[in-house]
Each structure stands twice: as structure tokens, then as C-alpha cells.
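The first sequence begins at 1 in our numbering and counts up by one.
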Amino acid sequence: MDVFKELNTLNEKQREAVTAPLEHIFVLAGAGSGKTKVLTHRIAWLLETEQAHPYQILAVTFTNKAANEMRSRINTLLKQPSSGLWVGTFHGIAHRLLRINWQPANLPQTFQILDSDDQLRAIKRILKTLQLDDKVWTPKKVQIFINAKKDQGLRAKDVVINEDDAWLAQMFSIYQIYEETLERTGTIDFAELLLRTYELLRDNPALLEHYQQRFLYVHVDEFQDTNTIQYQLLQLLVGTLGKLFVVFDDDQSIYAWRGAKIENIQSLNHDFANNRLVRLEQNYRSTNTILKAANKLIGHNQGRLGKNLWTKYSGGEPVFLYSAYTETSEAQFVVNKIRVFNYERKEIAILYRTTAQSRIFEEALLLQGIPYRIYGGLRFYERLEIKDMLAYLRLVQNQNDDGAFERVVNTPKRGIGERTVAVLRGVARQQRMSLWIAARLVIENRQLKARASNALTAFLDLIEQCEKCVHGLQLHEQVEQIIIKSSLGEHYKKGGAAEAQKRLENLEELVNAARQFAQINPSSSTILTEFLSHTALEAGVGQGSQYDDCVQLMTLHSAKGLEFKVVFLCGLEEGLFPHKNSLEEGNVEEERRLCYVGITRARQHLYLCHSESRYRYGERELCKSSRFIDEIPVELIEEVRA
DNA sequence: TCACTGTAATTTTTT
DNA sequence: ATTACAGTGA
């Protein structure tokens, strides 16, 4: 790249951040102020004028989408694929470090990642064996508790328990058993990826020094979303040698619910001395009207760092407001409007608070034959049949994976019922062994009736056969073989016609995904392990989009970082947005920031929609329009009719 | 052991 | 409305 030519495309503030001397740089970047541009240009600047080597550069994002975007923009800028440069999500980078350093991290080489669903199942199993009242100790609550502790960097054993607090004591004891279980099964959950990586570096000084010397330039996107353990990890990595470059917007902090600490922004100044703050407040995205609406809305929040976005674009059409009678007419209005616009369809987005709202828009779009793409919702690798197949693969690769064992031991049905599995669980727990080994033992000791024993033996043989037969095969052939051997394919053929077809197609798609994965990644003996991790870390968002030019449907959370010519912000109703749960927890400000994110996605046209009534739990409920609508000055709004 | 039936709970967002 | 789960009979 011609650095100096590129610099001319930046404004003064952006240039200041990109060409800043080698200190810690904090960039307060408002929506649409070109933060990704600054980040990518900074990296290019380091490479071209500071003689940095690609392998000295680390760039961390929060979503896979953002990571991919950044990687491709860096490549475009450098006019070649950048090798050696690490760009990824916090979880992706932690995973990479753990794979390389599995031994000092005290992990088996084939360790696997549990997604939220796997984690919840593991917790349910533990609660069942402990025979606790599942009204008091709901799996969800336990899951939230454990993840919160891990996000704070706390192990069960690290915490001093006040014996008076029976609830807390019980929670920690569950946490402890959970930790032991995961240890035994060779699996780790999402939060553990971060915590384990933190401990790995903290407890291995030589290793830490190695990475500190390597990653001299650490970049973090969306810094306002970091949680405690992520912050601590950054502190370790940057050390005294490294230079930190963070980009953040406190008004777009929307992940407090999963442990993001907005206080981390304040800590920066103290923990990383010799720093420089650059403010990007010029917006290049939206019309002045849209920006004014956004500024006024977010002005209702207290304790902001404070900034005022401005733009050179004057005026723009008003923000349109549509009040529907029902959610169906809301969707109809949106779809009719979409037909009028003469833009590319991918320039149009329908945004909503909850995934459940997508269905009604999907139906309306389908009816009118408008191509659309839904982000989020049930992702490819989360589908039932895919999870089943992945469980077979996991079990073939690591027989101690109890979660995988339980999932497929009787799928498809092979006569191993609850009773038999209960016996295995009992033995496994008593002798602290995996279900697989317990099964072996139980068969040897003839603890089961002949019928159950035979069925179980057949299952164990099946898995071992699979293990033998996939040896030396290509990754996608391994998947293909196991679909056949496990007779999962057969199994799904039997279901309802249309649904069964879909499931079979998905299994076929999994084979394709494996083929693609093997093409992108260098072949190695651990490719199956890596593929399985990939399915957990990137739940397969890109699968199955048939058209390129589609109307974009997504939740407000997944819209962060994107922009569209036309935005429909839907379901603006009290209880839905702001969501009831947030109101109860007193988190209206985060909901408002979410609304701010939504509004600032729009370049030219913004439609706010709400419905007077909505189906919930099978009943029609009356809905009040959202307070957020009232917080936008009326002179910016124009009511429209269908 | 498994299919069937009735009842209770469920819906915030993502790695 | 849809789904998950527990209880019941074959």
C-alpha cells in the first residue's frame, strides 16, 4: 500500500490515531466514525513505517463476523494476505493458544469445546446425580452462576465460603463438581477458554515472556465489551513491552449481561500509563436527522463519557414512525415499504430485539417472494441432527466425553434406556470414571440383564469400529463414514417427510462443511479435533444462504458494527424493547444503548415500528409504545400510514 | 424399553 | 404457540 496516499483518505483525528507514536492509544470512536478503518490503517501503518513484523501483531474482536471483516480489510489494504498476523475473537485466540500449549495448560491434546447447550446438559446431569431440588437449583441459574464466576476469574476452590450462606455454599459445591466433571471428560466451556488461557500465561513465566515479546502490538476492537478475565488477559499479554491500541464506544456497550465491565474503560488510564486518547466524533454514515435522533435518545442515559456525534451531511428525511394494530400488520407494512425502495435488497435491514420476532417477518417476506437472510437464531452446527453427528465424532475421538456418550448412546434407539444409563452413571460416579469405562466394567461384571448388556456391547463395538474405519481417511470421508455406520442417516429418514428431508440435507451439508474446512486448513493428524472446535466456536452462521442480494434480518445485538441504507427498527414496545427482564433488573440504560446502536445503523432511511398488540404465550396482549420513541424529539419524527 | 399423553414452562441478547 | 419433561400403559 502507498501509506501516504492512504493517509489522505483519513480525517485529522483518524490520522492522529493511525500515525500516533508507539504509546498506548485509546480511541473513543462514535458510531459510524470509521473505527474499523482506523484500526486496519493503524496495523498497516505499523507494518509499513514502523517496521513491525506481522507476527508481532495481535488484533482481537468480539464476533467472528468482525474478525473476518477486519482480516479481509487488512488484506485489501496490504494488497496481499497477511500471514503470521493474528486476528480473531477473544475465544478464538484463547483456543489457539491452548491448542499449541495443551500440555502446560493441563489439557488433553484432543480437548473439546462445549457450547452453551452442551454446558447446560452437563449441568443438568450433575444436578440429577446430586438429587437436588430442581425448582431451587435450576440448571439455567447454575449455568449463569458458574459462567459469571469464571468471567471474574474465580475458581471454585479460590473462594472462601461463608458457611452461613447455604445457598452460596451449595452453588460452589456444584461449581466444584462441574469443574471436576469437565476435567475428567476432557472438555472445556466458553468461559473456560479464557480463564484457562489466563492461568496458562500467569503460571508459566517463560511462556508469558515468549508471548509478550512476540505480541508487541495488541489491538482490541469494541473494548467496552471486555469482561474481567479478558481485561486481565490483555494486561498479561501487553506486559511492559507491548503497546495497546483499543477502540471503544461507551454508548454501544450492550453486553453487560454477559459480564462486560464498562469500568474497564476507566481502568485503562491507570493500568496503561503513557497513553493518548483520541476522539472520533465525526460521523460519515447517517443523515443529520438520524444522528440528532440518536444523540437525543442516548442523552437520556446518565454517567456517559460524553461525546457529540456530528456530520457534514445536512438534513435528510424525517424518522418515520408506524403504528400497527398487530404484529402481522407491522410486518406487512415493512414488507410493502421494502418493495417500494429501489435499492439493492442487502442495503435494507429489519432489526428487532428478540429472535422470536423474526418468524413473522420471514412469513411476510416469503409471501411476497422477497429474498431474505436471517442472522442468528438456530445456527447450523446447533441443529439437532448436526449435534448428534458431532457427538459421534467426538466420541470416536475421545471416549471419555460423557456428554457425547449420553447424547448418542441411544440415538438412534438401540434399546439402551434410562435404566441402563442410570446404572452406568452410578458406577461412573462412584469410581470417578467416564461412562465409557463404566460401561466396559458393567459388562464385564455382568451387572446388566442380557438384553441391555448386548445392546450396550453393540454400541461400544460400533464406536470402536468407527474409530478404526476412519483411520487415514479424509476429514469429509470420516464424517460420511460415521453417518453411515451410526445409521443416523437411516434414523432421520424415518421422520416426517419434509422435515426428514431437511435433516438429511443438513447431514450432507455437514460433509461439505468438513470438506471445505479441510481445504482451508493444512492437513494434520489433529484435523478432526480442530474441525470439532471450529463447530463450537463458529456455530456456522454462513451456511445455507442461497442468494447474495437479500434483505437482512437480525437482532439488534448482531447488527452492531454494520450499516444499511434503510433500517426498520421493529417491535418498539414497552416490555419487548425495552425488554421486560431488563426493566425488572433496572437495566434500561443498556436497552437504550441497544436502541442507539439500532438507530445509528441507518444511513438514509429510518423507520420505527410498533404494534398495539402482540401474541405472547398464545394470548393477544396489548402493548404500549416504547419510551424510546418518546425520547426522540417529535420534530424529527413523521407518522406514516400504510 | 418406548411411544403416547398431559402438564408446565418458556422468550434477551453471543462466544 | 411451541417445546420440554414427567408419568403411564403396552
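Note that beta-carbon positions come from the ideal geometry of N, C-alpha and C, so glycine has one too.
In the three-state DSSP reduction, residue 89 falls in the strand class (E or B).
If you ignore the 5 residues before and after residue 344, its C-beta comes within less than 7 Å of the C-beta of 549, all in its own chain and listed in chain order. Between the alpha carbons of residue 86 and residue 400 lies a gap of roughly 32 Å. The beta carbons of residue 612 and residue 324 sit closer together than 8 Å.
Each of 36, 29, 31, 50 was checked against the Cα of residue 19, and the nearest Cα belongs to 50.
Its chain contains 41, 44, 77 as the residues whose beta carbon lies nearer than 8 Å to that of residue 6, once the 5 sequence neighbours on both sides are disregarded; these appear in chain order. Closest in C-alpha terms to residue 287, from the list 297, 311, 304, 298, comes 311. Residue nearest to residue 176 within the set 291, 202, 200, 126 is 126 (criterion: CA-CA distance). Taken through DSSP and simplified to helix, strand or coil, residue 250 comes out as helix. Per the DSSP secondary-structure output, residue 568 pairs in a beta bridge with 350, 607. For residue 183, the closest of 113, 604, 492 by C-alpha to C-alpha distance is 113. Pairwise C-beta distances place the region 344-358 in contact with the region 570-578, as three or more of them are shorter than 8 Å.
Scanning its chain for C-beta atoms nearer than 8 Å, with the 5 sequence neighbours on each side dropped, one finds around residue 623 the residues 573, 574, 575, 576, 610, 611, 612, 613, 614, in chain order. By the Cβ criterion, the region 28-41 is in contact with the region 11-18, since at least three pairs of Cβ atoms, one from each stretch, lie closer than 8 Å. CA-to-CA, the gap between residue 235 and residue 359 works out to about 43 Å. For the options 539, 246, 29, the alpha carbon positioned closest to that of residue 281 is the one of 29. Counting C-beta pairs with one atom in each stretch, the region 475-489 and the region 503-515 have three or more that are closer than 8 Å, which means they touch. The beta carbon of residue 284 is closer than 8 Å to those of 32, 33, 34, 311 in its chain, skipping five residues each way along the sequence. Boundaries around residue 619 are those of the beta strand (DSSP E), 619-622, since no alpha helix (DSSP H) includes it.
Closest option to residue 492, judged by alpha-carbon separation, among 591, 389, 377: 389.
Between residue 162 and residue 154, the beta carbon gap of about 15 Å keeps them out of contact (Cβ cut-off 8 Å). Secondary structure at residue 399: coil, using DSSP grouped into helix, strand and coil. Our two residues, residue 428 and residue 256, have alpha carbons roughly 38 Å apart in a direct line. In the structure shown, residue 171 adopts helical secondary structure according to DSSP, grouped into three states. Residue environment for residue 149: buried (at least 16 other C-beta atoms within 10 angstroms of its C-beta).
A Cβ-Cβ separation of about 22 Å leaves residue 23 out of contact with residue 307 under the 8 Å criterion.
With contacts defined as CB atoms closer than 8 Å, residue 221 and residue 66 qualify as a contacting pair.
The C-beta distance from residue 415 to residue 364 rounds to 46 Å, too long to meet the 8 Å contact threshold. Rounded to whole angstroms, the Cβ separation of residue 241 and residue 91 is 25 Å, and the two are not in contact under 8 Å.
In the DSSP assignment, residue 554 falls within the beta strand (DSSP E) that extends over 551-555. Secondary structure at residue 106: coil, using DSSP grouped into helix, strand and coil. Straight-line spacing of the CA atoms in residue 335 and residue 361 works out to 8 Å.
The Cβ atoms of residue 484 and residue 396 lie no closer than 8 Å to each other. Bounds of the alpha helix (DSSP H) holding residue 202 are 190-203.
Excluding five sequence positions before and after residue 121, the CB atoms of its chain that fall closer than 7 Å to its own CB belong to 403, given in chain order. Comparing C-alpha distances from residue 237 to each of 218, 509, 378, 621 shows the shortest one belongs to 218.
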